[in-house]
Amino acid sequence: NATSSRAHTVLTIEFKQVALVEGKESVKLSMINLVDLAGSEKSTQTGAAGERLKEGCAINKSLSSLGNVIEKLAKKSTGKKKAQDIVVPYRDSKLTRLLQNALGGSSKTIMICALSPASLNAEETLSTLRYADRAKQIKNNAIVNEDPQGKLLREMKEENDKLRDMMAALSGGGTVDIAAMQARMEELAKAEEALQEMQRSFGEKVRKAREVESEMHEKERKRGWTQVMQQRLPHIVNLNEDVQLSGKLMYCFEEGKDTVIGNPNAEDDTTDEEGDESSDGSSHSSRSSSSSSS
Numbered sequence: 001n002a003t004s005s006r007a008h009t010v011l012t013i014e015f016k017q018v019a020l021v022e023g024k025e026s027v028k029l030s031m032i033n034l035v036d037l038a039g040s041e042k043s044t045q046t047g048a049a050g051e052r053l054k055e056g057c058a059i060n061k062s063l064s065s066l067g068n069v070i071e072k073l074a075k076k077s078t079g080k081k082k083a084q085d086i087v088v089p090y091r092d093s094k095l096t097r098l099l100q101n102a103l104g105g106s107s108k109t110i111m112i113c114a115l116s117p118a119s120l121n122a123e124e125t126l127s128t129l130r131y132a133d134r135a136k137q138i139k140n141n142a143i144v145n146e147d148p149q150g151k152l153l154r155e156m157k158e159e160n161d162k163l164r165d166m167m168a169a170l171s172g173g174g175t176v177d178i179a180a181m182q183a184r185m186e187e188l189a190k191a192e193e194a195l196q197e198m199q200r201s202f203g204e205k206v207r208k209a210r211e212v213e214s215e216m217h218e219k220e221r222k223r224g225w226t227q228v229m230q231q232r233l234p235h236i237v238n239l240n241e242d243v244q245l246s247g248k249l250m251y252c253f254e255e256g257k258d259t260v261i262g263n264p265n266a267e268d269d270t271t272d273e274e275g276d277e278s279s280d281g282s283s284h285s286s287r288s289s290s291s292s293s294s
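Here it is in structure tokens:
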């Protein structure tokens with residue numbers, strides 16, 4: 001319809017930072033979710049019918065589910081009820097599943113609400129403001145997402161340094177707590193064992209990933225798909241409710257070229273007059289930007 005968008009849009013950007021810390025790789029991961037929520041609207045005002053009416057109902061349902069999630073998270077943050085007694089309904093909609101980590105994980109969230117200045121939309125304006133006020137009550141504790149293997153290596157190095165200091169003190173004629181030294185040696189041995197297990201698990205994952213990649217390339221070759229996607233280029237992939245179909249379609253953006261999303265032969269179903277009228281329409285949308293700690 002001419003007064004609002006007909007879908008939610010989620011753009012996810014993943015960041016990976018690799019730094020050398022005293023000769024060892026330290027990996028930090030971060031993700032930014034840029035979300036454009038469709039406006040909550042009344043069908044009586046938009047005049048939607050048929051497929052457009054169904055779309056509007058689905059949009060309003062997902063916004064309602066998101067509102068319920070925000071309300072539960074706000075109750076957790078304010079401490080009105082015991083946190084363990086509050087169940088956050090992330091599974092009520094696909095939208096809340098996608099935004100689970102952005103809303104209730106190790107993240108920081110910013111919500112920007114778009115309001116209509118028209119007096120006939122006063123009820124929707126108040127509803128949108130209440131929506132934002134509930135979101136404002138959510139309190140998350142964002143922490144740095146450090147690679148577990150890198151973190152373990154760093155902790156092992158710290159334990160080694162402490163043991164070295166103890167040995168130096170002992171050789172210099174000083175006194176050392178033998179029990180504390182043995183405890184540190186045991187901790188170091190456990191950390192080394194955990195690291196070896198992690199490296200074995202990682203190697204197995206790499207092997208399986210290479211097998212899957214090889215199978216996919218072979219299938220593409222048999223189908224006549226000669227183009228190989230360059231993973232280092234900016235790209236978008238498809239999302240599907242079927243996990244096996246998600247991420248199977250990929251489109252890369254070429255440097256120096258304009259990219260148009262959609263069917264180039266599709267006709268615009270809105271006229272200039274409709275566009276002018278929409279300036280006083282009842283559409284209310286919320287745009288939120290959420291990023292996990294980096």
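Residue numbers (UniProt numbering): 1 to 294. Ideal Cβ placement from N, Cα and C applies to all residues, glycine included. None of the values given here were measured: they were computed from a predicted structure.
Any alpha helix (DSSP H) of 4 or more consecutive residues that is wholly inside the stretch 95 to 148: 100 to 104 and 122 to 136
Residue burial classification, residue 109 (beta-carbon count within 10 angstroms, cutoff 16): Here residue 109 corresponds to residue number 109 of the sequence shown, with the count starting at 1. Label assigned to residue 109: buried.
Inter-residue spacing [alpha-carbon to alpha-carbon] between residue 30 and residue 90: Within the sequence shown, the letter at position 30 stands for residue 30. Within the sequence shown, the letter at position 90 stands for residue 90. Straight-line Cα distance between these residues: approximately 21 Å.
Residue 143 versus 92, 101 and 165, residue with shortest Cα-Cα distance: The residue given as residue 143 occupies position 143 in the sequence shown. Comparing Cα-Cα distances from residue 143 to each of 92, 101 and 165, the minimum goes to 101.
Distance between residue 215 and residue 39 (C-alpha atoms, nearest Å): Your numbering for residue 39 matches position 39 in the sequence shown. Your numbering for residue 215 matches position 215 in the sequence shown. When rounded, the distance between both Cα atoms is 43 Å.
Residue of 68, 233 and 106 minimising C-alpha distance to residue 32: Numbered from its first residue, the sequence shown carries residue 32 at position 32. Residue 32 has its Cα closest to that of 106, out of 68, 233 and 106.
Residue 249 to residue 17 span [Cα, whole Å]: By one-based count along the sequence shown, residue 249 stands at place 249. By one-based count along the sequence shown, residue 17 stands at place 17. One C-alpha to the other measures close to 26 Å.
Nearest candidate by alpha-carbon position, reference residue 93, set 104, 120, 67 and 75: Locating residue 93 in the sequence shown gives position 93, where the first residue counts as 1. If we check each option's Cα against that of residue 93, 67 comes out closest.
Cβ-based burial, residue 160 [other Cβ within 10 Å; buried from 16]: Taking the sequence shown and counting its residues from 1, the one referred to as residue 160 is at position 160. Residue 160 is exposed by the Cβ-count criterion.
Selection from 118, 71 and 8 that minimises the alpha carbon distance to residue 34: As a working note, residue 34 is residue 34 in the sequence shown. It is 8 whose Cα lies nearest to the Cα of residue 34.
Selection from 245, 112, 240 and 26 that minimises the alpha carbon distance to residue 128: Residue mapping note: residue 128 aligns to position 128 of the sequence shown, counting from 1. Of the listed residues, the one whose Cα sits closest to residue 128 is 112.
Span separating the alpha-carbon of residue 165 from that of residue 208: Along the sequence shown, one-based indexing puts residue 165 at 165. Along the sequence shown, one-based indexing puts residue 208 at 208. About 43 Å.
C-alpha gap between residue 54 and residue 72, whole angstroms: As a working mapping, residue 54 is identified with position 54 in the sequence shown. As a working mapping, residue 72 is identified with position 72 in the sequence shown. The alpha-carbon atoms of residue 54 and residue 72 are separated by roughly 27 Å.
Spatial distance of residue 65 from residue 79 (CA atoms): Indexing the sequence shown from 1 puts residue 65 at position 65. Indexing the sequence shown from 1 puts residue 79 at position 79. If I take the Cα positions, the gap works out to 21 Å.
Cβ-based burial, residue 69 [other Cβ within 10 Å; buried from 16]: Numbered from its first residue, the sequence shown carries residue 69 at position 69. Residue 69 is buried by the Cβ-count criterion.
CB contact flag (residue 138, residue 77, <7 Å): As a working note, residue 138 is residue 138 in the sequence shown. As a working note, residue 77 is residue 77 in the sequence shown. Cβ atoms of residue 138 and residue 77: closer than 7 Å.
Anticipated Cβ contact below 8 Å, residue 167 with residue 192, distance rounded: Start at 1 with the first residue of the sequence shown, and residue 167 comes out as number 167. Start at 1 with the first residue of the sequence shown, and residue 192 comes out as number 192. The pair is not a contact, with the Cβ atoms about 18 Å apart (cut-off 8 Å).
Proximity winner among 86, 11 and 240, relative to residue 36 (alpha-carbon distances): Along the sequence shown, one-based indexing puts residue 36 at 36. When only C-alpha atoms are compared, the closest one is 11.
Residues that DSSP places opposite residue 15 in a beta bridge: Indexing the sequence shown from 1 puts residue 15 at position 15. Note: residue 15 sits in a beta bridge opposite 30.
Reduced DSSP category for residue 10 - H, G, I as helix; E, B as strand; rest coil: Translated into the one-based positions of the sequence shown, residue 10 becomes position 10. The answer is strand: DSSP assigns residue 10 an E or B state.
Spatial neighbours of residue 255 in its chain, beta-carbon cut-off 6 Å, leaving aside the 5 residues before and after: On the sequence shown, residue 255 is found 255 positions in, with the first residue counted as 1. So the list is empty, once near-sequence residues are dropped.
6 Å Cβ shell around residue 57 - same chain, five flanking residues per side excluded: Here the question's residue 57 lines up with position 57 in the sequence shown. Within the same chain, residue 57 has no close Cβ partners at all.
Closest Cα partner of residue 244 within the set 212, 233 and 141: Stepping through the sequence shown from its first residue, residue 244 is reached at position 244. Nearest of 212, 233 and 141 to residue 244, Cα basis: 212.
Cβ of residue 245 within 7 Å of any chain C Cβ: Of the protein chains in the structure, only one exists, and it is not chain C.
Distance CB(residue 59)-CB(residue 75) smaller than 7 Å: What you label residue 59 is simply residue 59 of the sequence shown in a count that begins at 1. What you label residue 75 is simply residue 75 of the sequence shown in a count that begins at 1. Their beta carbons are not under 7 Å apart, which means residue 59 does not touch residue 75 by this criterion.
When 121, 103, 115 and 120 are compared against residue 135, the one with the closest alpha-carbon: Here the question's residue 135 lines up with position 135 in the sequence shown. Nearest of 121, 103, 115 and 120 to residue 135, Cα basis: 103.
Environment of residue 123 [buried if 16+ CB atoms lie within 10 Å]: Reading the sequence shown from its first residue, position 123 is the one you call residue 123. Result: exposed.
Which listed residue (259, 246, 185 and 242) has its alpha carbon closest to that of residue 234: In the sequence shown, counting from the first residue as 1, residue 234 sits at position 234. Per the Cα distances, 259.
Contact test: residue 192 Cβ vs the ligand NAP heavy atom, cutoff 6 Å: This structure lacks the ligand NAP; in fact it carries no ligand of any kind.
Residue 236: first and last residue of the uninterrupted beta strand (DSSP E) it sits in: The residue labelled residue 236 in the question sits at position 236 within the sequence shown. Start and end: 235 to 237.
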